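Quick note, the sequences are listed as chains A and U, same order.
For the first sequence, counting from 1, position 44 maps to 44 in my numbering; every step adds exactly one.
Position in the second sequence counted from 1, then plus 265, gives you my numbering.
One structure is given here, and the rest of the page talks about it.
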Amino acid sequence: MAQTQIQTEQTPVLEIRSLTQRFGGLTAVNDFNVKLMPGELSGLIGPNGAGKTTVFNLASGFYQPTEGQILVDGIPTAGLKPHKVTTLGMARTFQNIRLWNDMTVLDNIRVAQHSQLGYGFFHAITRSKRYRAREEQITKEAEELLDVFDLKRYAEELPKNLPYGTQRKLEIARALSSHPKLLLLDEPAAGLNSADAKDLIRLIRWIHETFDVTIWMIEHHMDVMMELCTQIKVIDFGETIAEGSAEHVRNHPAVMTAYLGDDNI
Amino acid sequence: MKKYTLNILLVIFAIGLLFAAHFRIIDGYIQIVVMTIGINIMMSTSLNLVNGNMGEFTCGHAAFMCIGAYISSVLSVFCFGSNFGDPLLPAASVVIVFPIILLIGGAVAAVSSLLVSVPSFKTRDDYLAIISIAVNYMVISAIQNMDFLGGSRGFQGMKDTVWAMIDVFDGPWMLFWVINFTIFTVWAIRRFISSTYGKGVNAICQDEVAAEIMSVNTNKIKIINFMVAAGLAGCAGGLYAHIIGYVNPQSFNILKSTEALVMVYLGGMGSLSGAIMSAIIFTCLLEVLRSQAIIDVLLSPATFIFPDWEPSAGVIKWVMIPLLLIIVMQFRSEGIMGNRELGDVFPKLKKFYRFK
């Protein structure tokens with residue numbers, strides 16, 4: 001019994017084994033490996049077009065990998081539709097904000113719990129007991145979530161009318177509403193100024209501590225990454241070129257070359 | 266009590282309408298217009314689910330109306346008519362069996378909507394529009410070639426069912442059923458679309474990728490949404506068939522689909538109250554423009570210049586109504602209500618109704 005418990009504790013939240021993705025003749029990701037243990041906060045960096053978002057799209061089931069295996073919480077995701085992968089305990093945000101702009105903030109949070117509704121069409125039509133109980137609970141949870149994110153005053157607003165930084169925050173809140181074990185953040189600081197980026201660092205650290213969630217993020221702001229991530233992986237042209245602590249990665253020659261170019265030319 | 270004001274008024278209005286029809290205060294013509302309004306409300310609100318709430322573009326909604334009309338007509342002739350031999354059921358059971366027949370027609374139409382919803386997994390917009398037109402033609406051609414259903418000559422005998430109902434109680438039965446089914450349609454759609462489950466439909470409309478990633482089973486929701494829309498259109502078709510007492514495949518052609526589309530776009534995409542209002546306005550307009558006198562007055566400047574021209578109301582109607590649509594799209598491209606409900610436009614109204 002004790003042994004099985006230790007084993008389940010050691011199951012990585014996300015494990016990617018020798019992942020390769022080809023689009024026609026282009027190899028977007030080549031032999032990518034990663035293992036995220038529960039509670040980790042790690043990062044993925046690389047120059048533009050390195051294949052970072054492709055890795056996220058593969059992990060969230062949006063693409064089916066050409067080769068390799070992805071396991072979310074020990075369960076292989078091959079052949080699963082993205083909503084099924086989400087049900088396994090993964091949530092993500094997008095590089096360009098993808099909120100439902102004509103739904104209120106509260107509805108955005110509520111609909112993101114779609115897989116956990118626990119009622120179907122006929123319950124909705126008949127307004128059954130289960131429907132009412134679940135709907136009440138979902139609304140309560142959504143309101144609580146908005147409350148801790150300090151977004152409650154926007155509950156009835158449309159997301160498109162909110163400031164950019166708030167929209168980013170709302171997107172993270174929406175991702176968290178499905179109680180994920182793993183949160184993928186795709187460039188959360190994109191388009192934020194340095195003051196907002198500082199807030200974001202605080203927010204991500206706070207989420208990491210409060211929600212007991214493993215976070216894997218892509219980011220271009222190096223200061224954000226250096227401050228937050230314990231482990232950073234660097235990819236360029238789909239190849240992993242370095243990994244390790246922030247300090248290690250920062251001074252790695254291959255990373256310098258990838259970002260700044262080769263000074264031997 | 267105050268928050269049910271509008272609901273109670275609606276019920277009183279419906280009962281008043283039935284009494285007026287029963288005691289011949291309103292004549293058969295007005296009754297037909299009211300029933301057409303009801304059927305058009307069913308058509309426009311159900312199409313609004315797909316074209317408005319889900320943001321897909323389908324223009325073959327009459328196909329489902331056609332399937333519903335034929336299935337329920339055949340069933341009702343089998344059960345109460347004499348075309349296919351002796352009636353299967355005693356005439357007195359008609360009052361209970363008739364709504365079931367309509368619902369079966371709707372159910373078959375709902376299943377047939379898979380012809381559109383399965384392709385919609387992969388295609389959107391223009392391509393889905395083409396698929397839906399294809400389905401419309403498929404259904405019409407199939408029925409035209411079914412000789413046992415009368416083929417292109419049409420199918421009749423449903424009046425036997427209506428007479429069987431009148432034998433049970435002499436009243437305006439079809440008006441009664443149209444009112445009930447219209448209320449049922451609006452009520453079911455409202456409940457579906459206001460639940461978190463149904464809001465998945467709006468999520469698909471606004472960002473399908475985000476919906477799929479945020480755990481909405483987009484394919485399943487699409488199937489269900491198409492099924493609800495097609496099923497309600499099927500019920501509308503069944504009612505239509507029993508009101509007219511005769512169905513012909515050509516009465517469900519692309520023109521009928523276009524009528525439903527016009528109502529949705531006139532009312533405003535995704536607005537349930539808009540769809541209801543535009544169905545009422547549209548049907549009334551059609552009836553008003555049927556009058557030759559009104560057409561003559563409207564076109565008097567033109568006939569003054571071209572004295573030889575004698576516009577006929579039946580033709581000019583189809584010039585005026587598309588023109589109206591063009592004018593609405595030019596000056597108010599979001600439609601009458603434009604993705605908002607009546608309660609959003611007049612917040613004070615919200616106190617007077619509870620519609621859940």
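Where a beta carbon is used, it is the ideal one built from N, C-alpha and C, also for glycine.
From a predicted model like this one, the values you see are computed outputs, not experimental measurements.
What do you reckon, are the CB atoms on residue i and residue j nearer than 8 Å?
i, j, result
"G317 (chain U)", "V529 (chain U)", "yes"
"S337 (chain U)", "L367 (chain U)", "yes"
"G499 (chain U)", "A374 (chain U)", "yes"
"V481 (chain U)", "H83 (chain A)", "yes"
"N272 (chain U)", "Y618 (chain U)", "yes"
"Y119 (chain A)", "Y462 (chain U)", "yes"
"I601 (chain U)", "L526 (chain U)", "no"
"I109 (chain A)", "A173 (chain A)", "yes"
"L36 (chain A)", "P65 (chain A)", "no"
"V255 (chain A)", "A246 (chain A)", "no"
"S115 (chain A)", "S178 (chain A)", "yes"
"L271 (chain A)", "E15 (chain A)", "This structure leaves residue 271 (chain A) out entirely; chain A is present only between 1 and 265."
"I45 (chain A)", "M226 (chain A)", "no"
"R214 (chain A)", "K169 (chain A)", "Strictly speaking, residue 214 (chain A) in this sequence is Thr, with Arg absent from that position. No, Cβ-Cβ distance for T214 (chain A) and K169 (chain A) is not below 8 Å."
"Q95 (chain A)", "A197 (chain A)", "no"
"L184 (chain A)", "W216 (chain A)", "yes"
"M585 (chain U)", "H507 (chain U)", "no"
"I306 (chain U)", "I541 (chain U)", "yes"
"K152 (chain A)", "L146 (chain A)", "yes"
"K582 (chain U)", "L563 (chain U)", "no"
"G419 (chain U)", "V342 (chain U)", "no"
Taking the alpha-carbon positions, what's the residue i to residue j distance?
i, j, result
"K267 (chain U)", "L537 (chain U)", "23 Å"
"D561 (chain U)", "P576 (chain U)", "7 Å"
"L106 (chain A)", "K615 (chain U)", "20 Å"
"T4 (chain A)", "P76 (chain A)", "In this prediction, T4 (chain A) has a pLDDT of 48, which is less than 50 and means its spatial position is unreliable; nothing more can be read from the coordinates."
"Y511 (chain U)", "L504 (chain U)", "11 Å"
"G289 (chain U)", "A279 (chain U)", "Rather than Gly, the amino acid found at residue 289 (chain U) in this sequence is Arg. Distance between the alpha carbons of R289 (chain U) and A279 (chain U) is about 15 Å."
"E144 (chain A)", "P188 (chain A)", "22 Å"
"E157 (chain A)", "F491 (chain U)", "29 Å"
"R605 (chain U)", "G533 (chain U)", "8 Å"
"A356 (chain U)", "M330 (chain U)", "26 Å"
"L41 (chain A)", "M594 (chain U)", "52 Å"
"L479 (chain U)", "A91 (chain A)", "The sequence as given places Met at residue 479 (chain U); Leu does not occur at that position. In a straight line, the C-alpha of M479 (chain U) is about 7 Å away from that of A91 (chain A)."
"A429 (chain U)", "M300 (chain U)", "20 Å"
"S311 (chain U)", "G51 (chain A)", "44 Å"
"L203 (chain A)", "I395 (chain U)", "48 Å"
"F434 (chain U)", "M411 (chain U)", "35 Å"
"M1 (chain A)", "Q10 (chain A)", "Low per-residue confidence applies at M1 (chain A): pLDDT is 41, beneath 50, and the placement is therefore not dependable, though the value from the model is reported in the following sentence. Each residue's Cα considered, the two are about 14 Å apart."
"V276 (chain U)", "N445 (chain U)", "10 Å"
"R127 (chain A)", "S377 (chain U)", "27 Å"
"I291 (chain U)", "P437 (chain U)", "11 Å"
"V623 (chain U)", "T323 (chain U)", "What the structure shows of chain U is the stretch from 266 to 621, and residue 623 (chain U) is not part of that stretch, so it cannot be assessed."
"L607 (chain U)", "G539 (chain U)", "8 Å"
"R17 (chain A)", "D73 (chain A)", "14 Å"
"A112 (chain A)", "P612 (chain U)", "28 Å"
"K464 (chain U)", "G603 (chain U)", "18 Å"
"R250 (chain A)", "Q471 (chain U)", "40 Å"
List the whole-angstrom C-beta distance separating residue i from residue j, where the pair is believed to meet the contact cut-off of C-beta under 8 Å.
i, j, result
"A372 (chain U)", "G496 (chain U)", "6 Å"
"F457 (chain U)", "A124 (chain A)", "6 Å"
"R98 (chain A)", "A468 (chain U)", "Between A468 (chain U) and R98 (chain A) the Cβ distance is about 11 Å, and since that is not below 8 Å, they are no contact."
"G61 (chain A)", "V34 (chain A)", "Contact flag wrong, Cβ pair sits at about 16 Å."
"P159 (chain A)", "N101 (chain A)", "5 Å"
"G320 (chain U)", "S397 (chain U)", "Contact flag wrong, Cβ pair sits at about 14 Å."
"G43 (chain A)", "I232 (chain A)", "5 Å"
"I405 (chain U)", "N484 (chain U)", "That pair is no contact at about 28 Å."
For residue i, which of the options has the nearest alpha-carbon?
i, options, result
"S516 (chain U)", "U:D292, U:N401, U:V342, U:S397", "U:N401"
"I454 (chain U)", "U:M423, U:A494, U:G320", "U:A494"
"E473 (chain U)", "U:L380, U:F596, U:S385, U:A286", "U:S385"
"I218 (chain A)", "A:F211, A:T210, A:L228", "A:L228"
"T53 (chain A)", "A:A28, A:P38, A:G74", "A:A28"
"I235 (chain A)", "A:I215, A:P163, A:N30, A:A195", "A:N30"
"T426 (chain U)", "U:S459, U:F345, U:G370, U:A328", "U:F345"
"F363 (chain U)", "U:Q409, U:W442, U:Y335", "U:W442"
"L308 (chain U)", "U:T447, U:V381, U:L274, U:S417", "In the sequence as presented, Leu is not what sits at residue 308 (chain U); that position holds Met. The shortest Cα separation from M308 (chain U) among U:T447, U:V381, U:L274, U:S417 belongs to U:T447."
"D150 (chain A)", "A:T166, A:G25, A:E135", "A:T166"
Looking at residue i and the ligand ADP, is the gap between the Cβ and the nearest heavy atom below 7 Å?
i, result
"V234 (chain A)", "In the structure shown, the ligand ADP is absent, as is every other ligand, since no ligand is present at all."
Runs of beta strand (DSSP E) wholly within the stretch 270-338 of chain U (minimum 3 residues, chain order) = The qualifying runs do not exist here; there are none.
If contact means a Cβ-Cβ distance below 7 Å, which residues of the stretch 451-474 of chain U contact chain C?
-> Structure shown: chain C not included; protein chains present are A and U.
Tell me the start and end of each unbroken beta strand (DSSP E) in the stretch 211-262 of chain A that is at least 3 residues and wholly inside, in chain order.
-> For the beta strand (DSSP E) assignment, the uninterrupted runs of no fewer than 3 residues enclosed by the stretch 211-262 of chain A are, from N- to C-terminal side, 214-218, 231-236, 239-244.
Could you pull out every unbroken alpha helix (DSSP H) segment of at least 4 residues lying fully inside the stretch 477-538 of chain U, listed in chain order?
-> Considered as a whole, the stretch 477-538 of chain U harbours 483-509, 519-532 as its complete alpha helix (DSSP H) runs of no fewer than 4 residues, in chain order.
Report the residue ranges of all beta strand (DSSP E) runs contained in full by the stretch 421-488 of chain U; include only those spanning at least 3 residues, in chain order.
-> If only complete runs of 3 or more residues are kept, the stretch 421-488 of chain U shows no beta strand (DSSP E) anywhere.
Going along the chain, which unbroken runs of the alpha helix (DSSP H) with 4 or more residues stay wholly within the stretch 141-202 of chain A?
-> Counting only runs of 4 or more, we get 164-176.
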